[in-house]
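Following this note's numbering, the residues of the sequence shown are numbered contiguously, the last one being 509. Where a beta carbon is used, it is the ideal one built from N, C-alpha and C, also for glycine. Quick notes on the structure that follows.
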Amino acid sequence: MRCASFLLGLVLFVSVHCQNDSLPAAEKCDPEKCKLPSCRCSSTEIPGNLEPRDTPQFVLLTFDDAVTTVNIETYRDILYNRANSNRCPIGVTFFINHEYTDYSLVNELYNRGFEIALHSITHRTNQTYWKEATVEEATREFVDQRILMSHFANIPQGSMQGIRSPFIQLSGNSTYQMVKDNGLTYDLSWPTVRFTDPGLWPYTLDYSSIQDCVISPCPTASIPGVWVIPMISWTDLEGFPCSFVDACFSNPDLTDEDAWFQYIVKAFEKHYFGNRSPFGFYVHEWFVRINPGVKGALVRFMNMIENMNDAFLVNANEVVNWVKNPVPLNEFVKQDCPRFVPAACRRTTCSGLREEGSGNTYYMTICNRCPRVYPWINNPRGV
């Protein structure tokens, strides 16, 4: 996964890809027709025509891949029992894939108020598979994963509203048609290296997007109501863009906490002193765990945000909800905190589960009865 993340930083090209010709081509956005809460043109303008000083600065911290007994220790150590200045618990989004995930720990993260999002069942390393995925294939990977995760972690299907494609490899229109067809809300897989200062705010795909296509294919059709949260790239120490923190080429010394803290703050300030587009810290947990300078700097950065009156650690779905109904900072801080109903978990470990396609055997820790076989694509409940 580390190598895959590193390679993402190299992919800085635009290409054309034929896709889903049956869908209507997206036209140039008409702001008079495209209005919130259901439609927004792709733009660097602040939603609601707010001034930067009146706009909450949202910080999006996301972690990708399986939730395990190893990385839960990092999450417990640095994320639990934190609150923003408005006294609401911080938000974090976990884009989780199926293989090796401990679903009792997914339940734990959900009960801590964190957002659980979809990152596919198989997480196949063949990038062409994701690039060429049809709507039906994407549905089996993401929508069936929502069934799988809901069943084995005992959390509501409706709580999972977002996706991130493995290796941030989109399949163009197919990705977003799948999101629309199945009542999902947003995708957070599409990088931008062009719209970073000022940054691109979330928008819908009712009309054509101005966002640069860094990793093709990107959507070309009109797919109304589907939200894109652009992955606004960082710039490393030598000026190269990177979508994930752990994909940047030229970083400070990984043991130097002070240098890393300044590095993070500099990236944040481009948003904070600009148009206050959401600031993303997109990372894989291993990078934080094995690099003490990064871990210490991230903790200091979160401490800084918690002590600011106009910056807030929130999850991705909360950002979309605010953009749908943008309210100024002085109103935002008075809003009720997000609420959810805690989910019970009867922790059960299942061993010797055979995956019927490959013949591999797995064990799973879940919140209910053991399945007959290992859940996988085309059989999300393992029946």
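Task: Opposing strand residues paired with R480 [DSSP bridges] - done: Partner(s): T487.
Open item on the list: By the DSSP assignment, the beta strand (DSSP E) with F220 in it spans what residues?
Closed with: Membership of F220 in the beta strand (DSSP E) is indicated by the continuous run T219 to I222.
Task: Sub-8 Å separation of T311 and M357 beta-carbons - done: No, Cβ-Cβ distance for T311 and M357 is not below 8 Å.
Open item on the list: At the level of alpha carbons, what is the spacing between M428 and F366?
Closed with: Between M428 and F366, the C-alpha separation is close to 25 Å.
Open item on the list: Taking the alpha-carbon of N364 as reference, which of N377, F293 and A373 has the nearest alpha-carbon?
Closed with: As written in the sequence, residue 364 is Glu, which differs from the Asn given in the question. Comparing Cα positions, the closest option is N377.
TODO: Please classify Y489: is it buried, with 16 or more other beta-carbons within 10 angstroms of its beta-carbon, or exposed?
DONE: So Y489 ends up on the exposed side.
Task: alpha helix (DSSP H) segments (min. 4 residues) lying fully within the region 421–459 - done: Counting only runs of at least 4 residues, the region 421–459 fully encloses the following alpha helix (DSSP H) elements, listed from N- to C-terminal order: 442–450 and 455–458.
Task: C-alpha gap between Y500 and L231, whole angstroms - done: Computed Cα separation, rounded: 18 Å.
TODO: Kindly list the residues whose CB is nearer than 8 Å to the CB of K306, restricted to its own chain and excluding five residues on each side of it in sequence; keep chain order.
DONE: Correct list, in chain order: I349, P350, G351 and V352.
Open item on the list: Are the CB atoms of N175 and E411 within a distance shorter than 8 Å?
Closed with: Contact: no.
Open item on the list: Quick check on N505: does DSSP put it in helix, strand or coil?
Closed with: Here N505 sits in strand by DSSP.
TODO: Find out if the Cβ-Cβ distance for the pair I247, Q283 is shorter than 8 Å.
DONE: The answer is no: Cβ separation not under 8 Å.
Task: The alpha helix (DSSP H) enclosing T188, as first and last residue numbers - done: Note, T188: premise wrong, no alpha helix (DSSP H); beta strand (DSSP E) at Q183 to D190.
Task: Cα-Cα separation, Q461 to N441 - done: Looking at the two C-alpha atoms, the distance is approximately 16 Å.
Open item on the list: How far does the alpha helix (DSSP H) with L274 in it extend, from its first residue to its last?
Closed with: L274: member of the alpha helix (DSSP H) spanning D270 to A279, first to last residue.
Open item on the list: Looking at V446: is its Cβ nearer than 8 Å to the Cβ of I336?
Closed with: The answer is no: Cβ separation not under 8 Å.
TODO: Could you tell me the boundaries of the beta strand (DSSP E) in which L331 lies?
DONE: Y329 to L331 is the extent of the beta strand (DSSP E) around L331.
Open item on the list: Please list the terminal residues of the continuous alpha helix (DSSP H) segment that includes L235.
Closed with: Where L235 is concerned, the enclosing alpha helix (DSSP H) stretches over Y229 to N237.
Open item on the list: Taking the alpha carbon of G288 as the reference point, which residue from C344, I281, F220 and I204 has its own alpha carbon closest?
Closed with: Measuring C-alpha to C-alpha distances from G288 to each of C344, I281, F220 and I204 identifies F220 as the nearest.
TODO: Examine the Cβ distances between the region 250–258 and the region 205–214 and report whether three or more of them are shorter than 8 Å.
DONE: The region 250–258, when compared against the region 205–214, does not touch it at the 8 Å Cβ threshold.
Open item on the list: I need the straight-line Cα distance from L296 to D323, nearest angstrom please.
Closed with: A straight line joining the alpha-carbon of L296 with that of D323 spans about 24 Å.
Task: D180 - DSSP class collapsed to helix/strand/coil - done: D180: helix per DSSP, three-state reduction.
- [ ] Using beta-carbon positions only, say whether D372 and R290 come within less than 8 Å of one another.
- [x] Cβ atoms of D372 and R290: not closer than 8 Å.
Task: Distance, D382 Cα to I390 Cα - done: Each residue's alpha carbon lies about 12 Å from the other.
Task: Extent of the continuous alpha helix (DSSP H) run through V264 - done: Per the sequence shown, residue 264 should be read as Ala rather than Val. In this chain, the alpha helix (DSSP H) harbouring A264 covers V261 to A264.
Open item on the list: Less than 8 Å between the beta carbons of V185 and L439, yes or no?
Closed with: In this structure, V185 places its C-beta atom within 8 Å of the C-beta atom of L439.
Open item on the list: By the three-class DSSP mapping on this structure, what secondary structure does M286 have?
Closed with: In the structure shown, the three-state DSSP call for M286 is coil.
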